Amino acid sequence: MELRYALPLLLFIAPLCSSDTSPGSLFVLEPVDFLFDTAVEAYYKGDWLTVILNMEKALRNKATVRKVKAQCRLSCANQTAFGDQLAGLGVAIPGAGSVEDLGFFQKILTRADCVNSCESEKLGSPTMHQVTAEVQLEFTKRTPYNYLQVAYFKINKLDKAVAAAHTFFLANPDHMEMKQNLEYYKMMAGVQQEDFKDLEARTHMAEFLLGKSYYSDDSFGLAADHFEVAVDEFFTADKECKALCEGAYNYDGYNYMEYSADLFQTITDHYMQVLNCKQHCAVELAITSGRDEPFDDFLPSHFNYLQFSYYNSEKYEQAIECAKTFLLFHPDDEVMNQNLAYYSAVLGEDKAQTISARQQYMQQSILEKELLYFGYEAFGITFVDPDQWTPEDVMPKKLRDKQKADKETAARITEEIGNLMKEIETLVEEKKKDSSEMSKIITPQEGVTVLPDDIKVTMMSKQLNGSQRVLLDGVITDDECRELQRLSNAAAQKGDGYRGQPSPHSASEMFQGVTILKAVKLGQEGKVPLKSAHLFFDLSEKVRKMLESYFSLDTTLYFSYSHLVCRSAIDEKQDDRKDLSHPVHVDNCLLVSEMNECIKEPPAYTHRDYSAILYLNEDFEGGDFIFTELDAKTVTAEVRPQCGRVVAFGAGKENPHGVRAVTKGQRCAVALWFTLDPAHEEKKVFELLTLAAACSGGQLRWMAPKV
Ligand SMILES: *[C@@H]1O[C@H](CO)[C@@H](O)[C@H](O)[C@H]1NC(C)=O
Ligand SMILES: *[C@@H]1O[C@H](CO)[C@@H](O)[C@H](O)[C@H]1NC(C)=O
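Residues -19 to -1, 1 to 688, numbered by mature numbering (1 follows the signal peptide of the UniProt record, and there is no 0), are exactly what the sequence shown covers, in order.
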């Protein structure tokens, strides 16, 4: 029965597949974030075909945008090479005088025009394919495959469900539910070993891994074949990766407001960032899902595998070529020098002499590094060399000495910390012995805690008619409330993906939201006051600490996600309103109210453990917060929002909640989610924290190299 509607589906997808990727077609690519949202919405309605159609298309369009950008930049680089004659000026000698400078900039303008026209011809307006940091993150985490696996499973397309599950799991190896799903799939009839595919695998990496597996099976002929393909594919992927680096200037690490630089400094700053990104491609390409660390010394290691594979296949000429190539990277490698001597003796020294290494790649990379080190010395622009093979003299001597000293210091500190940790462990052990009797009696108690003076516990679980609930007042000041409300309105005007959109929950309200990440980003771009963005961040920390302390948690509570959301009543759509502003739901499971059940399964955010809502205003009608029973109907407690008030609660099935319709005015609040699982901590926010700290220190541009 279910199989019947699975079949037409394939027919449905196939023609789209060819039409929207063919270059130059008039077909307008639908924006990835729109497709993603559509799919997610369909998911909650159980409309599996719509989920599949939109999510697959989102993945395809994302890949297409990437491909087109790389292709445009590469072909424009070819068409407007700087070495060519400049129109009307004869041969260019950039920098020889102001007229020649004009010629140089003429090339730049031509290149920019070429890239712009190429991209807009193939992709449409450039802003259409910008996605928010949040959507970007979902794709990085491979979340679309989580939705897809459920949808394919529901329509009985097992092979596709398995591939999606496997693909998701590779990027989320700690995801317990998916692990269980995969084990379940393994036992199901009709599921084949080949179905466990990584749908996001990159060719160069897949070939490298295949090469390695043949290599360990001593199948050296096949190993060499795959490593050769891997090397070729590496260079292709590297070109693409580098072309994609030529994007917009990223103000991370700068305070945008204070950034002012002249023409050449501006060009330098942007170009250094591009070069840094290009150098990072060496790492980017060495990453594979399922491994925490990128492969060490990735490209050179190909030639190491190759030389040994060729030697074992008695192909000495190729073995010599690859050994020599490896030695380009590591000229002093003793073993490889011995290998080379041995292969040369077998083949004949004269003949071996004539074989040269493969030169591509290295020279360009070294030139990039030299420029980057120049930028480092002259302007303090950070560069962390990703490669192990960089010849010593490429790095300026002063820097080399400093790095050596830093490394020694770091090693010393690590050792000292290690000793300290041991001491602490011993102390804890002893303490545990002492208090083991006590701990049996004392159980953590709600509210036995010290909160800052100005914060008042207005209601505890008992008054709120439930468990794991608290109502606090005075968490932020009136001024802070106003500032955050302004932040939301400013962010919405500057465009954050929700602008002018009706609420996802109610057609009678307008909805605008901004995340901390987005707020800080807008702050850095000078679009909203950076101070407000910091306030948003600081109060999230404040609430996190309060909950940790209030609920007497004995492990750390981690920040997971936060959203500043305003809902405004649409005046003409308030008649006979029966819906809620936000339907009753539970934060970490899927509420099935008909069955009085809550299912803790993805894509519910199962890792969420505590939730809090901080209210920013009270000048609106409706919009009360409600707790209900699992039936989503019986209201057990109500909370009237007001500035500085926080309602916080456990994120599980004990706390179904929702928001009553906002019937007049605008209601603004910050929703915060926390987790006890460090794996689900939103780490980006901590990068921001570091950044914020760096900013307040006044030292914006210079950072010590990592050791
Ligand atoms: C540049 O274009 C020419 C002519 O179309 C082509 O032969 C050449 O291979 C291209 N070079 C690169 C680096 O793409
Ligand atoms: C808790 O329940 C009682 C009795 O039904 C009700 O009067 C009270 O308003 C409820 N508490 C809250 C905060 O809504």
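All residues carry an ideal CB built from backbone N, CA and C; glycine is no exception.
Please read these numbers as outputs of a predicted model, since none were measured by experiment.
For residue i, the first and last residue of its enclosing alpha helix (DSSP H)
i	result
His110	Counting along the chain, His110 falls outside any alpha helix (DSSP H), and DSSP gives it neither H nor E.
Ser346	Met343 to Phe360
Arg54	Trp29 to Gln60
Val451	Counting along the chain, Val451 falls outside any alpha helix (DSSP H), though it belongs to the beta strand (DSSP E) covering Arg450 to Asp454.
Phe134	Thr124 to Lys135
Gly171	Note, Gly171: premise wrong, no alpha helix (DSSP H); not H, not E.
Tyr195	Thr184 to Ser197
Ala457	The sequence given here has Ile at residue 457, not Ala. Note, Ile457: premise wrong, no alpha helix (DSSP H); not H, not E.
Val255	Leu244 to Glu265
His311	Unbroken run through His311: none, as it is neither H nor E.
Lys437	Per DSSP, Lys437 belongs to no alpha helix (DSSP H); it is in the beta strand (DSSP E), Lys437 to Met440.
Gly202	Phe201 to Leu225
Ala145	Leu139 to Ala152
Ala322	Glu315 to Leu328
Presumed contact (8 Å Cβ cut-off) between residue i and residue j, rounded CB distance
i	j	result
Arg626	Tyr596	5 Å
Leu538	Leu528	6 Å
Leu572	Pro637	6 Å
Ala229	Val451	About 44 Å separates the two Cβ atoms, so there is no contact after all.
Pro622	Glu599	6 Å
Lys437	Asp454	5 Å
Met36	Tyr128	6 Å
Val620	Phe606	4 Å
Gly143	Val172	Going by the sequence as given, residue 143 is Val instead of Gly. So it is a contact: roughly 6 Å between Cβ atoms.
Ala224	Arg54	4 Å
Residue i, buried or exposed, once every other Cβ within 10 Å from all chains shown has been counted against 16
i	result
Arg123	buried
Leu468	buried
Ser417	The predicted position of Ser417 is uncertain, since its pLDDT is 49 and thus under 50; a value taken from the coordinates is nonetheless stated next. Classification of Ser417: exposed, given that the 10 Å Cβ count is below 16.
Arg(-16)	Any reading at Arg(-16) must be qualified, since the residue scores a pLDDT of 35, below 50, and its modelled position is unreliable; the value itself is stated next. Per the 10 Å Cβ criterion, exposed.
residue 691	What is shown of the chain runs -19 to 688, which leaves residue 691 out entirely.
Gly329	exposed
Gln130	buried
Asp94	exposed
Gly5	Reliability of the predicted coordinates at Gly5 is poor, the pLDDT of 45 falling under 50, and no value is obtained from them.
Ala242	exposed
Glu315	exposed
Gly633	buried
Phe149	buried
Asn320	buried
Ala51	buried
Residue i Cβ short of 7 Å to ligand 4 heavy atom set
i	result
Asn446	With respect to small molecules bound, the structure shown includes ligand 1 and ligand 2 and not ligand 4.
Residue of the options minimising C-alpha distance to residue i
i	options	result
Lys305	Gln87, His283 and Glu295	His283
Gly271	Ala224, Leu190 and Ile336	Leu190
residue 710	Asn598, Tyr542, Glu575 and Thr395	Here the chain has residues from -19 to 688 only, and residue 710 is not among them.
Asp311	Gln369, Leu348 and Phe364	A small correction: the amino acid at residue 311 is His; Asp does not occupy that position in the sequence shown. Of Gln369, Leu348 and Phe364, the residue nearest in Cα terms is Gln369.
Gln356	Val255, Glu227 and Glu406	The question names Gln, but residue 356 is Gly in the sequence shown. Residue Val255 is the option with its Cα nearest to Gly356.
Lys141	Thr615, Asp176 and Lys167	Asp176
Ala500	Ile607, Thr184 and Phe517	Phe517
Glu553	Lys645, Phe606 and Cys462	Lys645
Gly507	Tyr232, Phe208, Glu181 and Asp277	Tyr232
Phe492	Ala473, Pro510 and Lys502	Ala473
Tyr297	Tyr286, Phe276 and Ala333	Ala333
Ile594	Glu578, Val651, Thr407 and Tyr240	Val651
His251	Glu227, Glu102, Asp82 and Ile268	Glu227
Ser592	Phe540, Asp556, Lys50 and Gln466	Phe540
Thr363	Ser346, Gln384, Glu461 and Glu119	Gln384
Lys581	Lys443, Ser346 and Glu635	Glu635
Leu40	Ala205, Gln246, Val116 and Asn97	Val116
Host beta strand (DSSP E) of residue i (start-end)
i	result
Lys559	Counting along the chain, Lys559 falls outside any beta strand (DSSP E), and DSSP gives it neither H nor E.
Gln647	Gln647 to Thr656
Met491	Glu490 to Thr496
Met576	Neither: Met576 is in no beta strand (DSSP E) and is coded neither H nor E.
Phe606	Phe606 to Thr609
Phe540	Tyr539 to Ala550
Ser270	Looking at the DSSP string, Ser270 is not in any beta strand (DSSP E), and its letter there is neither H nor E.
Tyr591	Tyr591 to Tyr596
Closer than 8 Å to chain D by CB, residue i
i	result
Glu265	The structure shown contains no chain D; it is built from a single protein chain.
- Message: For the region 633 to 652 against the region 555 to 563, do three or more pairs of beta-carbon atoms, one drawn from each stretch, fall closer than 8 Å, so that the two count as touching?
- Response: The region 633 to 652 vs the region 555 to 563: in contact.
- Using 8 Å as the Cβ pair cut-off and three pairs as the minimum, do the region 199 to 219 and the region 43 to 61 touch? no
- Assess, as a yes-or-no matter, whether the region 564 to 573 is touched by the region 534 to 552 under the definition of 3 or more beta carbon pairs within less than 8 Å. no
- Message: Would you call the region 123 to 138 in contact with the region 23 to 30, where contact means no fewer than 3 C-beta pairs closer than 8 Å?
- Response: yes
- Answer yes if the region 276 to 294 comes into contact with the region 247 to 261, meaning at least three C-beta pairs across the two stretches below 8 Å, and no otherwise. In this structure the region 247 to 261 does not lie against the region 276 to 294, because fewer than three pairs of beta carbons, one per stretch, are closer than 8 Å.
- Cβ contact (3+ pairs, closer than 8 Å) linking the region 12 to 20 and the region 113 to 127: Contact between the region 12 to 20 and the region 113 to 127 is present, because at least three Cβ pairs lie under 8 Å.
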